[in-house]
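Engineer: Residue numbers (this note's numbering), protein chains in the order written: chain A, 1 to 309; chain B, 310 to 616; chain C, 617 to 1163.
Note that CB positions come from ideal geometry on N, CA and C, so glycine has one too.
Bear in mind that the values here come from a model prediction, so they are computed numbers and not experimental data.
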Amino acid sequence: MTELTKSTSVAGDATAPAQAANAEAEPAVARVTQWGEIRHRFLANKLAVVGLGLVLLLFLTAAFAPLIAPQDPLAQDLNNTLQEPGNGHLLGTDALGRDQFSRIIYGTRIAVEIGLASIFLACLIGIVIGALAGYFGRATDSVLMRIADVFFAFPLLIGAIVIIIAMGRGVMPVIISLAVFSWPTVSRLLRSSILSVREADYVLAARALGADTRRIILRHIIPNSIAAVMAYAAFSVGGAIVAEASLSFLGVGVSPEVPEWGNMLAAAKDFMGVKDFLWTYPSIAIVLTVLGFVFVGDGLRDALDPKLR
Amino acid sequence: MGRYVIRRLGQMVVVLFGATVILFCCLFVLPGDPVGSLGGDKARDPAVVEALRERYGLNDPLPVQYGNFVKNLAQGDLGEDYTQRRPVTEVLAPKLTNTAELALAAIVLDILIGLLAGLIAALFRYSFWDVLITLLTTMAVGFPSFVIGMVLQKVFVVQFKWFPLISDGTMNSLILPAFTLAILDAALVARLMRGTMLEVLRADYVKTAVAKGLPRRTVLVKHVMRNSIIPVVTYLGISFGSLLGGALITEAIFNWDGIGLALVQAVQQQNNPIIIGVVSFGVAVFVLLNLLVDLLYAVLDPRIRLA
Amino acid sequence: MRGATSAKWVVGAVIVAMAATACSSNDAGSKDSAKGGTFRLGITEPTAIDPYNSQESEGALVTHNLFTGLYSATVDGKLKPELAESVQTSDDGKTWTFKIKQGTKFSNGEAVDAESFVRGWTRVVAKDSASDVAYPFAGINGYKELNGGNATTFAGVTAPDASTLKVELSEADFEFDKKTVHQAFSPVPKVAGAASNKAYNDAPIGNGPFKMEGSWQHNKSITLVRNDDYGLEKAKLAKVEISILNSANGSTLEYQGFQSGQFDWARMPTPQQPVAKAKYSPMKKWIEADTSGVNYLVAFNQTAPLNNPDARKAISYAIDREAIAKGVFQGMQKPATSVLPPSFADTYQDGVCSSCVKQDKEKAKQYAEKGGLKPGTVLDFGYNTGAGHEEWVQAVAQQLKDVLGLDVKLNGKPFKEALAQQQDKATGGIWRSAWGADYPTPDNFLYPLLDSGSINEDPATGKAAGDNRGRYNNPKFDELITKARGTKDPAARAAVYKEAEKLAVDEEQGLIPLWKRTQFRLAATDKFNNIQLDFFEDPNLAEISAK
């Protein structure tokens, strides 16, 4: 239980600076120590640090793509199609003579955009529904959880394809389709951890002091349950990027014109054994990105809750 | 227990209802006419289109279509596919067998590799093997199945020619796709197994058993294994969804003629009865498996009482 | 763990069983080779093999070998009489009288007479069949009534006696005989019953050079054996084993199967073609042919911005077909400069589309200015996804941007959505498309793609239900088509068709030709003699013999 309370205040930090003024908040000093402790544990984990490095690299590449990419990722050169790596094209050119290195660099933007946005959206829906279900219980809980069950029952990729059938291909449909079938996990996580803290002493105390429901949910319950959600989210961004690339690979993701890793692989698939560089480099980009998020997610979970290690 | 099962079955029906409603809504908002053409560039004769719309009840309002779907489903009839005009059940049955074969092989690999690796890692904690296994399983999670599939195909099919590219019905053609499908879950099973075993090993009843002087083997099998396997069972039940999703990719890469591939093709052709068939099946099996897992739970762990 | 072991065992058992079947079929193959050999190939699952709804190349392959009709077509579009002994055409081109060769039988022993043709044709057109291949019959009297469900007999198709088949058309058509090469015009025996006869659908009894061995094993195989009672020149092959492959990657599988010796005939995926050509061409196993089809851009003639010939010519001049053929298709596609294909030697006009011959940026700009296609104009460019068009459409889009400064909006949609958008009245811009001939007549290109009769606009929704989705509409062109159909002399007729093509494609650029339809196949010429690609892009099974 102690572990749980500790991790709680971490998230409490993030919610509102105004909380510092709140009498119920722990002293600032204590919080700094806990942050430090978690950071210390995280940084002591070598894989986590590597992961953090990879994720930072990804973000920086996405942010400064135009500066890093040597060429316009859309610029075609029909006289130089399917060039092997070298000769002015670090990673070769594709069937339209576009510079593959530049396309991979720009691919980070789509990966970051879809990965972060879809998981953010999933967490948002998941937290709201999970909190309501966990706190109110009874009929509300039943109804909300059945709804969650319905979405949870779709295997992610299959569900996403169904939504994309209706919305058409594109970045937005991919984000929405991934979020729509990811939130039930978040709400289940949140609900179960709420159930476990609902009867905790400090919540009972707050209630005894006459705090209203909204206040209890926002000030106490969510901050206390958010740790599990955070670890899940970090881990899931990697999963969302894989799912997004998978959809494009299957020909139902973002538009084929967009420089995106799954699209690049889909176009390269038929060149297997003839032009292998077309699929190896985008694959490496995907693997490094996903590993980055997985390592960070793992590290975060271990740091927040060392017992699980 | 009986009442619990009945209540869960009731919930299952609700979930299936919700899922198929979502499915119907998504499929029928499309602008294209599902019987407007065959895959090609030629348009169908308007008279034929109309005849087919009548035959498949596509002129009915959506709720009526849904009602007919449920009514037929109750009789095990999923309708006729729009391309070949054959019963969907007949079209999907052989594909289902193929996917089941692949999934079964993958689960076997999951259990074999996952449990073994987890066991070794936990028993020899912090040893070289533990570090290696932890590293490998962490890495495996980062490799999307299409990357694994393409690498395996390149190395073992194109380069070494150990395996056929065309599934020729031998064990050889099953190995690579099954492995591709299994890697992710095997890694997760190994991590889970390691984690729970470490916890169980620290538990008082295990310490007691050891203190009692029971042989190490007995303690491991009777106490540790049995209790560690529960989360693994749950996980395998839940992982079915990702298995089916993974099958989409694996089947596409290895040309495995299963329901995953059928779904991808049906989406391109807007062959709605096939889409509905595959997705409803996936959802139904997933929900059913979850129920089974919960029941199995009770069998494996007598402390859990279902009510 | 016990569960796991037994599960593994089950998988193992299934595999052993499957391996066993694989072996036995191989044995059968070697035994048969003594009597003529077994030809093996892979296709993707056909829509149907029953003539009532057999349509794509794969279906045609099977149906054409199970059934023999009045005529067949050579790859260059020449008619070859089969069961038609003689034919008489009335001077108005409306009445056709075919004499049917007597004494031939269906493989169940039933005689093939004129009545079997009436039966077969009626079966295709009947309303309940909802056949996709009823349209070639549309010119025959009584089509509307039968197809609309107001009649059960085909008024224009009669059998005055066992050897005479009389066909009455509503409009003059001196090329009606050529239409009958389509497999929908096959005769069927009495046992065929209605189109809904599932047993017959999967194991049709025909009168062709081959017959079915067992039923169609869906997604697995179709096996044909020689019909030793065939009434015309018998096939030499004893057996044809057709494996049905995944359509997702059919050509890859065919290619791999050919390389490993499992298939005697194969397509290959586009990216692998240059390598395959280099390897198999010196071994004389490479077949290359420009077949009867064309890849083109639909240009929406009635909607801005391409509602005038100048704007459409600007688009055509701006495209560098040569560069895309070389760069993107690695030299495996050839630019098309006409709509009618080179395989129709009588009507082929190389370079008739003058804007297609060579990219000309200056002319493109001039025409754009005349046609009001200003830089920055939005041009919608649609294509259907999942069929391998993703790459080259981007190349075309880029050229239009570079040369004309257009704001090209690529719009990829799955097949049916794509079709719905093309049919919509409000759609403008260009759309990628292709056309393959159903029968070897110039009319089969010019009428469906460019005649106003093929717009077939639904008055209620404005939807163009016909194949002329670009809605090119010129009464002068329509007149020429009618005139050609009513011209009895073949040479004079060809001249009229040429004139029509020049008008619609060159002068008015009703559509924009892109590439010829070029087909590549690998054939096991080391084991078989006389392997060729036929008009329907299939191997000529009935004429192949083992070495």
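For the stretch 917 to 948 of chain C, which residues have a beta carbon sitting closer than 8 Å to at least one beta carbon of chain A?
Structural biologist: Per Cβ criterion, the list reads D936, A939, I940, K942, G943, V944 and Q946.
Engineer: For A/G97, decide whether its Cβ has a neighbour in chain C, counting only Cβ atoms nearer than 8 Å.
Structural biologist: Cβ-Cβ to chain C under 8 Å: yes for A/G97.
Engineer: Exposed or buried, C/W1008, counting other C-beta atoms within 10 Å across all chains shown (16 or more means buried)?
Structural biologist: Classification for C/W1008: buried.
Engineer: With a threshold of 8 Å between beta carbons, is A/A166 in contact with chain C?
Structural biologist: Judged by the 8 Å Cβ criterion, A/A166 is not in contact with chain C.
Engineer: Looking at chain C, is there any beta carbon in it that lies within less than 8 Å of the beta carbon of B/R364?
Structural biologist: Yes, B/R364 lies at the interface with chain C (some Cβ there is under 8 Å from its Cβ).
Engineer: Residues in the same chain with beta-carbon distance under 8 Å from A/Y135, minus the five sequence neighbours each way, listed in chain order, please.
Structural biologist: Contacts found: I194, R198, T213, I216, I217 and I221.
Engineer: For A/S142, is the classification buried or exposed, using 16 other Cβ atoms within 10 angstroms of its Cβ as the cut-off for buried?
Structural biologist: Label assigned to A/S142: exposed.
Engineer: Run through chain B and tell me which residues come within less than 9 Å of A/I161, C-beta to C-beta.
Structural biologist: Neighbours of A/I161 on chain B, chain order: L557, L572, V573, V576, I584 and V588.
Engineer: Output the distance between the C-alpha atoms of A/A285 and A/W261, rounded to the nearest integer angstrom.
Structural biologist: If I take the Cα positions, the gap works out to 8 Å.
Engineer: Show which residues of chain F have a CB atom less than 8 Å away from the CB atom of C/P1030.
Structural biologist: Of the chains in the structure shown, none is chain F; the protein chains are A, B and C.
Engineer: DSSP beta-bridge partners for B/L428?
Structural biologist: BP columns for B/L428 are empty, so no partner.
Engineer: Leaving out the 5 sequence neighbours to the left and right, which residues in its chain are closer than 8 Å to B/P382 when beta-carbon positions are compared?
Structural biologist: The amino acid at residue 382 of chain B is misidentified as Pro; the sequence shows Leu. The residues are S589.
Engineer: Can you list, in chain order, the residues of its chain whose CB lies under 7 Å from that of C/F874, leaving out five sequence neighbours each side?
Structural biologist: The answer, listed in chain order, is A882 and L1138.
Engineer: Which of helix, strand or coil does DSSP assign to A/Y281?
Structural biologist: Helix.
Engineer: Which residue's Cα is closest to the Cα of C/K795: C/L781, C/A754, C/R1085 and C/A1116?
Structural biologist: Checking every option, the nearest Cα to that of C/K795 belongs to C/A754.
Engineer: Which partner residues of B/R362 appear in the DSSP bridge assignment?
Structural biologist: In the DSSP output, where bridge partners are listed per residue, B/R362 has none listed.
Engineer: Run through DSSP, which three-state label would B/V608 get?
Structural biologist: DSSP places B/V608 in helix when its eight states are reduced to three.
Engineer: List, in order along the chain, the chain C residues whose C-beta lies closer than 8 Å to that of A/G251?
Structural biologist: Within 8 Å Cβ-Cβ: T1001 and G1002.
Engineer: Looking at the secondary structure, which residues open and close the alpha helix (DSSP H) in which C/P925 lies?
Structural biologist: Start and end: P925 to A934.
Engineer: Do you know how far the Cα of C/Q1010 is from the Cα of C/F945?
Structural biologist: Going from the Cα of C/F945 to the Cα of C/Q1010 covers about 13 Å.
Engineer: According to DSSP, is A/P223 helix, strand or coil?
Structural biologist: If DSSP states are grouped into helix, strand and coil, A/P223 belongs with the helices.
Engineer: Mapping DSSP to helix, strand and coil, what is B/R317?
Structural biologist: DSSP places B/R317 in helix when its eight states are reduced to three.
Engineer: Using a Cβ-Cβ cut-off of less than 7 Å, list which residues of the stretch 515 to 532 of chain B approach chain C; keep chain order.
Structural biologist: Within the stretch 515 to 532 of chain B, no residue qualifies.
Engineer: Give me the Cβ distance between B/I558 and B/F455, rounded to the nearest whole Å; I'm assuming they're in contact under 8 Å.
Structural biologist: Between B/F455 and B/I558 the Cβ distance is about 5 Å, and since that is below 8 Å, they are a contact.
Engineer: Find the nearest neighbour of C/E978 within the set C/G809, C/W902, C/S932 and C/S859, judged by alpha-carbon distance.
Structural biologist: The residue with the shortest Cα to Cα distance from C/E978 is C/S932.
Engineer: For A/M279, return the contacting residues in chain B, with the cut-off set at a CB-CB distance below 7 Å.
Structural biologist: Note on residue identity: the sequence assigns Trp, not Met, to residue 279 of chain A. Per Cβ cutoff of 7 Å: M459.
Engineer: Nearest-angstrom Cα distance between B/G423 and B/M506?
Structural biologist: Straight-line Cα distance between these residues: approximately 13 Å.
Engineer: Buried or exposed for B/Y391, going by 16 or more other Cβ atoms inside 10 Å?
Structural biologist: Buried.
Engineer: Using 8 Å for Cβ pairs, my map puts C/A851 next to C/P820. What's the rounded Cβ distance?
Structural biologist: In fact, because the Cβ distance is near 17 Å, the residues do not count as touching under 8 Å.
Engineer: Is the shortest distance between the beta-carbon of C/T663 and the beta-carbons of chain B less than 8 Å?
Structural biologist: Yes - at least one Cβ of chain B is within 8 Å of the one on C/T663.
Engineer: Determine, using beta carbons only, whether B/T447 comes closer than 8 Å to chain A.
Structural biologist: At least one chain A Cβ lies under 8 Å of B/T447.
Engineer: Would you identify the three-state DSSP class for B/Y435, choosing helix, strand or coil?
Structural biologist: Looking at B/Y435 - three-state DSSP - the assignment turns out to be coil, as it is neither helix nor strand.
Engineer: Taking the alpha-carbon positions, what's the B/V515 to B/V608 distance?
Structural biologist: Roughly 20 Å separates the two Cα atoms.
Engineer: With distances taken between CB atoms, is the gap from A/V252 to A/A48 smaller than 8 Å?
Structural biologist: No, they are not a contact pair.
Engineer: The beta strand (DSSP E) spanning C/K1029 covers which residue range?
Structural biologist: Looking at the DSSP string, the run of the beta strand (DSSP E) that includes C/K1029 is D1023 to K1029.
Engineer: Per DSSP, what are the beta-bridge partners of C/N1145 in this structure?
Structural biologist: Answer is C/S1161, bridged to C/N1145.
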